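Going by the UniProt record's numbering, the first residue of the sequence shown is number 1, and it counts up by one from there. Glycine included, every Cβ here is placed at the ideal spot set by N, Cα and C. Computed from a prediction, not measured in an experiment: that's the story for all the values here. This report refers to the structure that appears directly beneath it.
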Amino acid sequence: MGGTSGKFRRALQTGDERAAEEIYQHNSDFQKSFDPNASYGENYDHHTPLHYASRYGMLKLVRIFIQRHNGNPNKRNNGDQTSLHRLCMYEMLQPAATQAVHSQYYSQPPERKRLECLKLLLTWQGITLGNGEREKVDVNAADCEGNTALHYAAESGYTSLVELLLEHGASLFAENVDKETPCDRAEKQKLFELAQYLESKMVFCDLGEETAVEDAHALSYEESYIGMRTQDLQGEKDQLLVETADMLRVPLFTSEALLRHYDWSREQLLEAWISDPKECCESSGVKPPENPDGLRSEHRLSSLEPGTLRRGFRENMSASRLVLVKLE
Numbered sequence: 001m002g003g004t005s006g007k008f009r010r011a012l013q014t015g016d017e018r019a020a021e022e023i024y025q026h027n028s029d030f031q032k033s034f035d036p037n038a039s040y041g042e043n044y045d046h047h048t049p050l051h052y053a054s055r056y057g058m059l060k061l062v063r064i065f066i067q068r069h070n071g072n073p074n075k076r077n078n079g080d081q082t083s084l085h086r087l088c089m090y091e092m093l094q095p096a097a098t099q100a101v102h103s104q105y106y107s108q109p110p111e112r113k114r115l116e117c118l119k120l121l122l123t124w125q126g127i128t129l130g131n132g133e134r135e136k137v138d139v140n141a142a143d144c145e146g147n148t149a150l151h152y153a154a155e156s157g158y159t160s161l162v163e164l165l166l167e168h169g170a171s172l173f174a175e176n177v178d179k180e181t182p183c184d185r186a187e188k189q190k191l192f193e194l195a196q197y198l199e200s201k202m203v204f205c206d207l208g209e210e211t212a213v214e215d216a217h218a219l220s221y222e223e224s225y226i227g228m229r230t231q232d233l234q235g236e237k238d239q240l241l242v243e244t245a246d247m248l249r250v251p252l253f254t255s256e257a258l259l260r261h262y263d264w265s266r267e268q269l270l271e272a273w274i275s276d277p278k279e280c281c282e283s284s285g286v287k288p289p290e291n292p293d294g295l296r297s298e299h300r301l302s303s304l305e306p307g308t309l310r311r312g313f314r315e316n317m318s319a320s321r322l323v324l325v326k327l328e
């Protein structure tokens, strides 16, 4: 049994998915005693079989570990990393020699396999806790360096994993020991489109526990416009146009056309602009910038200054829209 366990560990450790599957499938006694949550010890950084299978996106084995053997993705290794952390890290699929022998096994794009593994981990349910609810994967678990799964998915460029993690409550604002958010990690790796996506989410997302407070503040802000004089409302409109024109680096008349097309919602306009500035302009009936692709690349995060957008845009969004609707 010890020989089988050692061979299985080596296959997992080196990312040899096919060998690991064959060892598992052809050893019924090994299957009966197998524990995917058991640590391999100090020499292996206390990785578990589920850590290794997740590390290489071994979809079939991850499913077996979770569904047949009660694998727990919340188990930690020496670095306080869970299987979710390991899954979202960029790794070579397997050693080159093994890949040459079993190339058909590794033909799928790695991100696709990791995405399917992530779905399994995110839907996992463990033991019943004291509050009567089943244990779930901790999507915001931080390792010894303060990184969450979203930090690793962002710096690895796994856009589909980033999106799914966000759908399941991953925090955009979590900071590691270097005070870096997932957005910062993506930008550091020069993954500018992904960084822009995360930045736009940070600007306009609800901040969880602060949502109720912010909603109340937004309501109060909107109410402050009720009864304002026409000239005051016009002043607010002018300020909105100037700020938007400055942010997007377009003329004022273009700024007004863009805002009007997007129902005076800077949130919708910014999301469309980040996605495709040329299409954004054409759909609004204005001339696109001379070099829209270059502008989008150059724009990156420079015009999304946290001090301006994260506070100003979020706090003024609904109120600004109300002002412009009144002026219409």
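Residue burial annotation: I127 is exposed, with fewer than 16 other C-beta atoms found within 10 angstroms of its C-beta. Under the three-state reduction of DSSP output, T123 falls in the coil class, being neither helix nor strand.
G79 is positioned such that its CB atom lies closer than 8 angstroms to that of D143.
Put simply, the backbone Cα of Y44 is about 19 angstroms away from that of L61. Rounded to whole angstroms, the separation of the alpha carbons of S265 and T244 is 11 angstroms.
One Cα belongs to L165, the other to T123, and the distance between them is close to 12 angstroms. Only residues of its own chain outside the window of five on either side were considered, and among them P73, L84, V137 have a CB closer than 6 angstroms to the CB of L121, listed in chain order. When C-alpha distances from Q125 are compared across N147, I66, P110, Q81, the shortest belongs to I66. Within the same chain, Cβ atoms closer than 8 angstroms to the Cβ of L194 are found at A154, G157, T159, V162, A186, the five residues on either side in sequence being excluded.
Taking W273 as the centre and dropping the five residues before and after it, the same chain places the C-beta of L248, C280 closer than 7 angstroms to its C-beta, in chain order.
DSSP places T128 in the strand class (E or B) of the three-state scheme. Secondary structure note for W273: its alpha helix (DSSP H) is the uninterrupted segment 266-275.
Cβ-Cβ separation between Y24 and Q31: approximately 7 angstroms, consistent with a contact (criterion under 8 angstroms). Taking all protein chains in view, the Cβ of D29 is surrounded by fewer than 16 other Cβ atoms within 10 Å, so the residue is classified as exposed.
Residue environment: R134 is assigned as exposed (fewer than 16 neighbouring CB atoms within 10 Å of its CB, all protein chains considered). Looking only at E236, G285, K237, the smallest Cα-Cα distance to L258 is reached by G285. Secondary structure at R134: strand, using DSSP grouped into helix, strand and coil. Under the criterion of beta carbons closer than 8 angstroms, E199 and C183 qualify as touching, at roughly 5 angstroms.
Residues of the same chain with a CB within less than 7 angstroms of the CB of R63, apart from the 5 flanking positions on each side, are L120 in chain order. DSSP, reduced to helix, strand and coil, places V286 outside both helices and strands of the structure shown, so it counts as coil. Counting the other CB atoms within 10 Å of its CB gives D35 a total below 16, which places it among the exposed residues.
Within the segment 40-79, the complete alpha helix (DSSP H) runs of at least 4 residues fall at 49-55, 59-67.
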